[in-house]
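**Q** One structure, pasted below without further comment.
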Amino acid sequence: MTELKEHDKDINSFLEFASEDAAASVAASANQDGPLAGLTFGVKDNIAVEGMHLTCGSKMLKDFVSPYDATAVRKLKEAGAVCVGKTNLDEFGMGSSTDNSALAVTNNPWDLECVCGGSSGGSAAAVAAGLVPFALGTDTGGSVRQPASFCGVYGLKPTYGVVSRFGLVAYASSLEVCGILADSVDTTRKVFEVIKGKDGSDQTSIDHIPASADAETVAVLAGDLGLKPEVETAYKKAVDGLKSSGMKIIEVELPMLDYGIAAYYTIAMAEASANLARYNGVRYGHRSAEAGSFEDLMRMSRDEGFGDEVKLRILLGTYVLRSGFQDQYYTRAQKIRTAVRNEFDGVFTKADMIMLPAFPTAAFKHGDQSLDQFQQKLADKFTVAANLSGMPAMSVPVSVENGLPVGMQLMAPVFAEERIFKVAEKLAEVLPPAACPLSMAGQRTTEAK
Amino acid sequence: MAASTSYETFIGLEIHIQLLTETKIFCGCKSKFGDKPNSNVCPVCLGYPGVLPALNEHAVELSYKVCRAMNCDLAKEGMFERKNYFYPDLTKNYQISQFEKPFGRNGYFEYESGGGIKRIRFHEIHLEEDAGKMIHQGGRSFCDYNRAGTCLLEIVTEPEFKEPQEAEDFLQAFRRTVRHLGVCDGNMEEGSLRCDANISINTPGAGLGVKTEVKNLNSSRFVKKALQYERRRQEKVLKSGGKIIQETRLWDEDKSVTESMRTKEEAHDYRYFPEPDLPPFRPDQAFFDMIEKSQIELPLARKQRLTEDYGLTPDQADYIVEEKAAADYFEAVVALGADAKTAAKWIMGNVAKELNRIDLSKADLGTEKCALSAERLTKLLGMLADNKIHGKIAAQTLAAIFNEDKDPEVIVKEQGWDSSADEGDLEKIVQQILDENPRVVEQIRGGDQKPRGFVVGKVMKATQGTANPQSVQSIIGKLIG
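Chains as they are written, first to last, in my numbering: chain A, 3 to 451; chain B, 758 to 1238.
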């Protein structure tokens, strides 16, 4: 644990480490015969781990300690894995850099001046740095896949509902799911097998009925996608890689992607405005010391406890849900959501899989003015489609350009996670993932029992 | 209260009933009131970060049961939505409720009012979670979340009551019905049945006027009183050329007035949207069959049947049907062979008196709490009908059943109260008394009936009260002729 802390000093991927004693006692009592026995893992700090903080990267919940385990965490513990700590994130999962965390700045282990991506940036950085073989993240609009791409690790966003959301602090309930950041396809697969499945505590959860794992044809996008050169290059390499491993490539168009962003943010912010209403300083969390009345208590606690990006999204969400405006915004967004799903379904009649970039850029520098908060939202266009449609998608490291990793996203119909794993393994054979220069040597445990 | 002559009145009610479920609507916490504050709570009903609701199926069943009984169109797809507003007693600051797709729509209910049967239509019936309770004390505010997340069913009527009295009559009948259905205990004082009322008046034929909503009505009587007050207030405003403001008003039961609480401008925009944490509820045919099977005869129909089939008076039928337990008990007694009218008379009379004496009520009839099982009452009434005992002895036996928890024939035997000592024995006793009192015999023969009572008294004394006075009378007639 001391070694982990020491190695994380410059990266700052963890907000909290389990205490030496706690980790030791958990390890001692862990299921030694479980499928994940001996594996350590980190948990994004918007997923509940009993007895540990659940800050969501927010001043609002800075001191909040969770009284229960998220279902995914409980299943991992039961499978013999040991949680070593909680990782940094954009406040309540809102952002693409982890710089929206109110509690710490996390650096990209490939280049400490760069961001690690977000919002599951701490989890991605921790895996890239070899601190843990895997970490849980959450993916609402790309929050697992984009940081995975920035940090050169695997990042799976499973089919919506296949992993219980119980214990995942809600940002946008109908879009998000617990995801996995891992150092290999195999680790990802093993963890997925453990955490998937219907859960009585989450009535939107469903059993996983595996779809065919066969893939022959992969659809890709042609033309100007507005990608930075390093991503453009990586996309080409990945396409060539698929070809060389015997896959058939077809080119398709996905015009709905441009509408997806607006629909995604409308739905996400609407849901966020309600999901974040519970933080009012009454029962737990930040409580304003200044308030006189209970109205003031709620108003001021929220004003002091939330950061700007969170407030912006709550305000926009409240705006689009106003009575009389729902048809114009929320209902229309739901229609676009259906159209996006239909468009992807159409492609899946011709191809077994779609490969898209995870993000138009590689990791950018902290405070990069060319990519402000609004630009970052537009850049989510490749990732939000999977959240709008519910399908699984995984970011796969395919290349290192100018010293920074670039990942591509493999997308498949619902329940076709294994199909993605298989193609990702083929890609790994022709384009083996590079090790991060700052990786903690000897600590990477890729072999699970 | 004189009815308005120059205006037409439109009254609607919005009723909330707490469903009798073991646990809360979205978690496993006990649905129990009066416990230590914040003792029946968990991360889910406290709205902790990361928790999700898991719908209580029993609550859904009870909801559909009510919807069916109220003749609603039952939803093939029910949906929950979030109703957003901030208040410290609302743990998530949104209430999970129903809006676009409630469980029941377009229902109606028939009730007695003004000597006839009236019908009120329901706009909708929907299920939602209750909020906690805020208690203000000594300048401080406290929150008790035991009630947070308990199951609440909201019933909204069309604004079609014409008189405050109708609203009161309806509410009493409705309360009786939900109690019969076993879905709610209907206690208005404790808030397990709550009612808000809305009222508008307008010149006849002009349709609905501008309505006001009245809250804080803790009994059906207050519903009527508040509506009467509010109608007079609105009339005064209109007659003096003013306009009614759409607003929410609170009933002050001490002053017997309504007072403004908030106007429409201050009303919330609840920003309803579909609850993403709960999939739509789509019941299968088996569920609908189960709901259909769970239906019972409603109190009004039962009352009509009791008067028609058994010849009970409306008062008797009303008294018995008021509690389902009492009605079931009555019919059990009749089924066991007792005479219906006698049984009704006894249940309303001696039995009620005895229940009252030992702090039970007619709702306890037929339960384990009550020693007077249907069989025992039937036997008791049977012995009375067969002249084995007479009325006074029957009343004593009834009391003894409650006191000693024994069968009536055992009590009568133990006490030697059996008056069926054959007529010959009784005749001998009467003869003996007549022989001892020749003057009395003379008087009776002479047409004076008064001394008959003297003879009966003597016989009663000789038989320790067990003789049937009527039998004695007829024996006297026979012997003196």
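From the three backbone atoms N, C-alpha and C, an ideal C-beta is built for every residue, glycine too.
Does the beta-carbon of ASN14(A) have 16 or more other beta-carbons within 10 angstroms, so that it is buried, or is it exposed?
**A** Working through the first sequence from its first residue, we reach residue 14(A) at position 12. Under this definition ASN14(A) is a buried residue.
**Q** At a cut of 8 Å, does the region 65 to 72 of chain A reach the region 38 to 51 of chain A through at least three beta carbon pairs?
**A** Yes: at least three Cβ pairs fall under 8 Å.
**Q** So, at 6 Å on beta carbons, what are the nonlocal neighbours of TYR331(A) in its own chain, with the 5 sequence-adjacent residues on each side left out?
**A** To locate residue 331(A), count along the first sequence from 1; it is residue 329. Excluding sequence neighbours, TYR331(A) sits near THR268, VAL322.
**Q** Which one of GLY248(A), ALA365(A), THR385(A), ILE338(A) has the shortest CA to CA distance from GLU115(A)?
**A** Within the first sequence, residue 115(A) is the residue found at index 113, counting from 1. Out of GLY248(A), ALA365(A), THR385(A), ILE338(A), ALA365(A) has the C-alpha closest to the C-alpha of GLU115(A).
**Q** Please list, in chain order, the residues of the region 143 to 172 of chain A that have any C-beta partner in chain B closer than 8 Å.
**A** Per Cβ criterion, the list reads ARG167, PHE168, GLY169, LEU170, VAL171, ALA172.
**Q** Which ranges does the beta strand (DSSP E) cover as unbroken runs of at least 3 residues, wholly within the region 966 to 1016 of chain B, from first to last along the chain?
**A** Counting only runs of 3 or more, we get 969 to 974, 1004 to 1009.
**Q** THR1020(B) and ILE1001(B) look like a contact to me (Cβ under 8 Å); what is the Cβ gap, rounded to whole Å?
**A** Counted from its first residue, the second sequence places residue 1020(B) at position 263. Counted from its first residue, the second sequence places residue 1001(B) at position 244. About 11 Å; that fails the 8 Å criterion.
**Q** Tell me which same chain residues have a C-beta within less than 7 Å of the C-beta of PRO961(B), skipping the five on either side of it?
**A** Looking up residue 961(B) in the second sequence gives position 204. The answer, listed in chain order, is GLU765.
**Q** Got a sec? Which residues, its chain only, sit under 6 Å from ILE772(B) by beta carbon, not counting five neighbours each side?
**A** Translated into positions along the second sequence, residue 772(B) becomes position 15. Taken in chain order, the residues that qualify are ILE912, CYS952.
**Q** For the region 900 to 911 of chain B, enumerate the residues whose C-beta is nearer than 9 Å to any C-beta of chain C, in chain order.
**A** Annotation note: the requested chain C is absent from the structure, which comprises protein chains A and B.
**Q** If we require 4 or more residues per run, which alpha helix (DSSP H) segments fall completely within the region 23 to 85 of chain A?
**A** Complete alpha helix (DSSP H) runs here, min 4: 73 to 80.
**Q** Can you tell me the Cα-Cα spacing of SER290(A) and TYR281(A), whole angstroms?
**A** The residue you call residue 290(A) lines up with position 288 of the first sequence. The residue you call residue 281(A) lines up with position 279 of the first sequence. SER290(A) and TYR281(A): Cα-Cα distance of roughly 12 Å.
**Q** If we ignore side chains and look at the alpha-carbon of each, how far apart do ALA395(A) and PHE417(A) end up?
**A** Taking the first residue of the first sequence as position 1, residue 395(A) is located at position 393. Taking the first residue of the first sequence as position 1, residue 417(A) is located at position 415. Going by the C-alpha atoms only, they are around 10 Å apart.
**Q** When burial is assigned at 16 or more other CB atoms within 10 Å of the CB, is ARG339(A) buried or exposed?
**A** What you label residue 339(A) is simply residue 337 of the first sequence in a count that begins at 1. Buried.
**Q** If you check the beta carbons only, do GLY144(A) and VAL432(A) fall under 9 Å apart?
**A** As a working mapping, residue 144(A) is identified with position 142 in the first sequence. As a working mapping, residue 432(A) is identified with position 430 in the first sequence. Going by C-beta atoms, GLY144(A) is not nearer than 9 Å to VAL432(A).
**Q** Tell me which residues share the same chain as LEU380(A) and place their Cβ nearer than 8 Å to its Cβ, disregarding the 5 neighbours each side in the sequence.
**A** Translated into positions along the first sequence, residue 380(A) becomes position 378. So the list reads ILE263, once near-sequence residues are dropped.
**Q** Classify PRO1037(B) as buried or exposed, calling it buried when 16 or more other Cβ atoms lie within 10 Å of its own Cβ.
**A** Mapped onto the second sequence, residue 1037(B) falls at position 280. Flag for PRO1037(B) reads exposed.
**Q** According to the neighbour-count rule (16 or more other Cβ atoms, all chains shown, within 10 Å of its Cβ), is ILE1048(B) buried or exposed?
**A** As a first step, residue 1048(B) must be located in the second sequence, where it is residue number 291. So ILE1048(B) counts as buried.
**Q** When the distance is taken between beta carbons, is GLY861(B) closer than 9 Å to ASP901(B)?
**A** In the second sequence, residue 901(B) corresponds to position 144, counting from 1. In the second sequence, residue 861(B) corresponds to position 104, counting from 1. No; because the gap between Cβ atoms is not below 9 Å, this pair is not in contact.
**Q** Can you give me, in chain order, the residues of the region 1027 to 1041 of chain B that have a beta carbon less than 7 Å from any beta carbon in chain A?
**A** Listed in sequence order: ARG1028, PHE1030, PRO1033, ASP1034, LEU1035, PRO1036.
**Q** Taking 8 Å as the cut-off, does the region 1119 to 1129 of chain B touch the region 1157 to 1170 of chain B (at least 3 CB pairs, one atom from each stretch)?
**A** At 8 Å Cβ cutoff, the stretches touch.
**Q** Tell me whether ILE1232(B) sits in a helix, a strand or coil according to DSSP, three-state version.
**A** On the second sequence, position 475 is the one that residue 1232(B) refers to. If DSSP states are grouped into helix, strand and coil, ILE1232(B) belongs with the helices.
**Q** For the putative contact between GLY409(A) and ALA104(A), defined by C-beta atoms under 8 Å, what is the C-beta separation to the nearest angstrom?
**A** Taking the first residue of the first sequence as position 1, residue 409(A) is located at position 407. Taking the first residue of the first sequence as position 1, residue 104(A) is located at position 102. Incorrect: roughly 27 Å between the Cβ atoms, too far for contact.
**Q** Are the C-beta of GLY804(B) and some C-beta of chain A separated by less than 9 Å?
**A** Walking along the second sequence from the start, residue 804(B) turns up at place 47. With 9 Å as the cut-off, GLY804(B) counts as an interface residue toward chain A.
**Q** Taking the DSSP output, what are the residues bridged to GLU1023(B)?
**A** For the purposes of this step, residue 1023(B) is taken as the residue at position 266 of the second sequence. Its beta-bridge partners do not exist; DSSP assigns none.
**Q** DSSP puts SER275(A) in a beta bridge; with which residues?
**A** Counted from its first residue, the first sequence places residue 275(A) at position 273. SER275(A) pairs with nothing; no bridge assigned.
**Q** Under the assumption that GLY154(A) contacts GLY120(A) (Cβ atoms under 8 Å), give the Cβ distance between them as a whole number of angstroms.
**A** In the first sequence, counting from the first residue as 1, residue 154(A) sits at position 152. In the first sequence, counting from the first residue as 1, residue 120(A) sits at position 118. The pair is not a contact, with the Cβ atoms about 16 Å apart (cut-off 8 Å).
**Q** Looking at the strands, I want to know which residues DSSP matches up with MET396(A).
**A** Along the first sequence, read from residue 1 onward, the residue named residue 396(A) stands at position 394. Answer is LEU158(A), LEU412(A), bridged to MET396(A).
**Q** With a threshold of 9 Å between beta carbons, is THR848(B) in contact with chain A?
**A** For this step, residue 848(B) is matched to residue 91 along the second sequence. By this cut-off, THR848(B) is an interface position.
**Q** Tell me the rounded alpha-carbon separation between ASN813(B) and LYS781(B).
**A** Here residue 813(B) refers to the residue found at position 56 when the second sequence is read from its first residue. Here residue 781(B) refers to the residue found at position 24 when the second sequence is read from its first residue. Approximately 7 Å between the Cα atoms of the pair.
**Q** According to DSSP, is SER21(A) helix, strand or coil?
**A** If you number the first sequence from 1, residue 21(A) lands on position 19. Coil at SER21(A), not helix or strand.
**Q** Pick out whichever of GLN894(B), CYS941(B), ARG878(B) has its Cα sitting closest to the Cα of PHE918(B).
**A** For the purposes of this step, residue 918(B) is taken as residue 161 along the second sequence, with counting starting at 1. If we check each option's Cα against that of PHE918(B), ARG878(B) comes out closest.
**Q** Looking at chain B, is there any beta carbon in it that lies within less than 9 Å of the beta carbon of GLY199(A)?
**A** In the first sequence, residue 199(A) corresponds to position 197, counting from 1. No, its Cβ sits nowhere closer than 9 Å to a Cβ of chain B.
**Q** Please name the residues in the region 1074 to 1099 of chain B whose beta-carbon is closer than 9 Å to at least one beta-carbon of chain A, in chain order.
**A** So the list is empty, because no residue satisfies the distance condition.
**Q** Who are the neighbours of ASN1249(B) on chain A, taking C-beta pairs under 9 Å?
**A** The requested residue 1249(B) is not part of the displayed model; chain B covers only 758 to 1238.
**Q** Can you name the residues of chain B whose CB is closer than 8 Å to the CB of VAL284(A)?
**A** As a working mapping, residue 284(A) is identified with position 282 in the first sequence. Chain B residues near VAL284(A): PRO845, CYS900.
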